[in-house]
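Everything below concerns the one structure shown next.
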Amino acid sequence: MTLVEVVIALAITSLTLAGIVEGYIYCTTAAVKAQLVEAASARAMERLEETRSARWDTASWPVVDQLVATNFPDEVVSLDMPGSTTGGTSATIKTTISQISLSPPIRGIRVDCIWQYRGVEMITNTIDTLRAPDQ
Amino acid sequence: MRIKVPISGSDHGRWPRPDEGFTLPEVLIAMTVFLLVIIGVVAANLFGLKMFQVTQTKLNVTTWSRETSDKITAEVHACNSVWVGNVATNGVFATLLDGEKQQGTGLLIYPTTNTTNFIIYFVNPADQTFRRTTGQPGTAEILADSVTNTQVFAAEDFSGNVLTNNDNNRVIHLTLEFYQPARFLLGADYYKMETSMTRRALQ
């Protein structure tokens, strides 16, 4: 076995080990990302539930209408705890309320949870729903 | 006169041994290279073990979060009434009254008007577990452990302000904070889950 053969064998072994280690790191990174996606989805759902609880009573007089965009301004929230391994990722919750139909009265609610993964990749979790006035 | 006497067990009749072999430096270099390869493989395995534990914890928490929040959300959406309160050490659930800050360790859900049929979610600070139980005996289950906060449930208005009354349009807010202490090869880790849910059948 010559020196060249030994060096080539070592290079192949090193490449293999580097590939295995890279695979492990990718798995962990993917798990962290999945965790943050889950947290972002939960925060978007949280805002959606808040819009569901806002009073929109067209049968009363005067009409009560809390389901308006000014009641749901943009909000910066934390997706994780500061000091955790993800470093405390924050997200911006944006709410869009649009009138879909006047008769019957139906409004569309769209919630976007926008966050940045590792300071590079912008990710948006979006939830859409329709809502009628309180019965 | 000299006679050569054959001796049993001698090399007579075998192939002659080669006069070449490995030198000491060759053996030492081969052993060093082999050692380096072994160290690399062992280090990669240890690193993989650590990464596996990190990934396993995170995936478990993610899975649990999804399953639990989906279940609570579905139950609150469909329930007849829901109450925030505290679970005493004797296991009695006490609902918060009007005028009190609607924030506590437990959540009482009545799926129907039948008050003997209920579901309670609560945190047990003694062992830091998050539990679910129902009116049926033997249905208590631990949903999660390592929960560090106690005031996990709150009733809020649509702006996120904690209420002081049992408003019909309230949002039930759930906050769970987990702490995973340091273990072999792993540092401590934190995780927080927050979500909200509103009863659909408003009366």
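From first to last, the protein sequence lines are chains A and B. Going by the numbering used here, the first sequence opens with residue 18, and the numbers climb by one from there. Going by the numbering used here, the second sequence opens with residue 136, and the numbers climb by one from there. C-beta atoms are modelled at their ideal positions from N, C-alpha and C, and glycine is treated no differently.
task = Under 9 Å between beta-carbons, which chain B residues line up against A/Y134? List them in chain order, please.
result = Counted from its first residue, the first sequence places residue 134 of chain A at position 117. Ordered by position in chain B, no residue passes the 9 Å Cβ test against A/Y134, which lies about 14 Å from the chain.
query = From A/T87 to A/T112, what distance separates their C-alpha atoms?
reply = Locating residue 87 of chain A in the first sequence gives position 70, where the first residue counts as 1. Locating residue 112 of chain A in the first sequence gives position 95, where the first residue counts as 1. Distance between the alpha carbons of A/T87 and A/T112 is about 10 Å.
ask   = B/G295 versus chain A: which residues are under 8 Å apart at the beta carbon?
value = Counting from one through the second sequence, the residue named residue 295 of chain B turns up at place 160. Here the neighbours are E67.
key: Residue environment, B/K236, which counts as buried when at least 16 other CB atoms sit within 10 Å   = Your numbering for residue 236 of chain B matches position 101 in the second sequence. The residue in question, B/K236, is exposed, as its Cβ has fewer than 16 Cβ neighbours within 10 Å.
CA-to-CA distance, B/Y314 to A/G100, given in whole angstroms = Walking along the first sequence from the start, residue 100 of chain A turns up at place 83. Walking along the second sequence from the start, residue 314 of chain B turns up at place 179. Note that A/G100 scores 49 on pLDDT, short of 50, meaning its location in the model is unreliable; the coordinates nonetheless yield the value given after this. Answer to the nearest angstrom: the Cα atoms are 11 Å apart.
request  = May I ask you to report which of helix, strand or coil DSSP gives A/C44?
outcome  = Numbered from 1 along the first sequence, position 27 holds the residue referred to as residue 44 of chain A. Helix at A/C44.
request  = Tell me, to the nearest whole angstrom, how far the beta carbon of B/I255 is from that of B/G241; I am working on the premise that it is less than 8 Å.
outcome  = Along the second sequence, one-based indexing puts residue 255 of chain B at 120. Along the second sequence, one-based indexing puts residue 241 of chain B at 106. Right, their Cβ atoms sit about 6 Å apart.
inquiry  = If distances are taken between C-alpha atoms only, which option among A/R72, A/I123, A/D151, A/K50 comes closest to A/D82?
reply    = To locate residue 82 of chain A, count along the first sequence from 1; it is residue 65. Nearest C-alpha to A/D82: A/R72.
inquiry  = Against B/G183, what residues of chain A qualify as contacts under a CB-to-CB distance less than 8 Å, listed in chain order?
reply    = On the second sequence, position 48 is the one that residue 183 of chain B refers to. Chain A residues near B/G183: I37, V38, Y41.
key: Minimum Cβ-Cβ distance from A/G100 to chain B less than 8 Å   = Along the first sequence, one-based indexing puts residue 100 of chain A at 83. Only weak support exists for where A/G100 lies, its pLDDT of 49 falling under 50; the value from the coordinates is given anyway. Yes - at least one Cβ of chain B is within 8 Å of the one on A/G100.
key: Coil, strand or helix - A/E138 by DSSP   = Along the first sequence, read from residue 1 onward, the residue named residue 138 of chain A stands at position 121. It is a strand residue.
task = Using a Cβ cut-off of 8 Å (strictly closer), state whether B/Y326 contacts chain A.
result = Residue mapping note: residue 326 of chain B aligns to position 191 of the second sequence, counting from 1. At least one chain A Cβ lies under 8 Å of B/Y326.
query = How would you list, in chain order, the residues of chain B whose beta-carbon sits under 8 Å from the beta-carbon of A/V49?
reply = Counted from its first residue, the first sequence places residue 49 of chain A at position 32. Those within 8 Å of A/V49 in chain B are K193.
inquiry  = So B/G234 and B/T283 are supposed to be a Cβ contact under 8 Å. How far apart are they, rounded?
reply    = Here residue 234 of chain B refers to the residue found at position 99 of the second sequence. Here residue 283 of chain B refers to the residue found at position 148 of the second sequence. Going by Cβ atoms, the distance from B/G234 to B/T283 rounds to 29 Å, so no, they are not a contact pair.
request  = Could you check which residue in B/L311, B/T285, B/R267, B/V227 has the C-alpha nearest to that of B/E210?
outcome  = Within the second sequence, numbered from 1, the residue matching residue 210 of chain B stands at position 75. Looking at the Cα atoms, B/R267 is the closest of the given residues.
query = Nearest chain A C-beta to B/N249 closer than 8 Å, yes or no?
reply = Taking the first residue of the second sequence as 1, we reach residue 249 of chain B at position 114. It does not; no Cβ of chain A falls within 8 Å.
ask   = B/G220 to B/P260, Cα distance in whole Å?
value = As a position in the second sequence, residue 220 of chain B is number 85, starting the count at 1. As a position in the second sequence, residue 260 of chain B is number 125, starting the count at 1. Taking the straight line from one Cα to the other gives about 14 Å.
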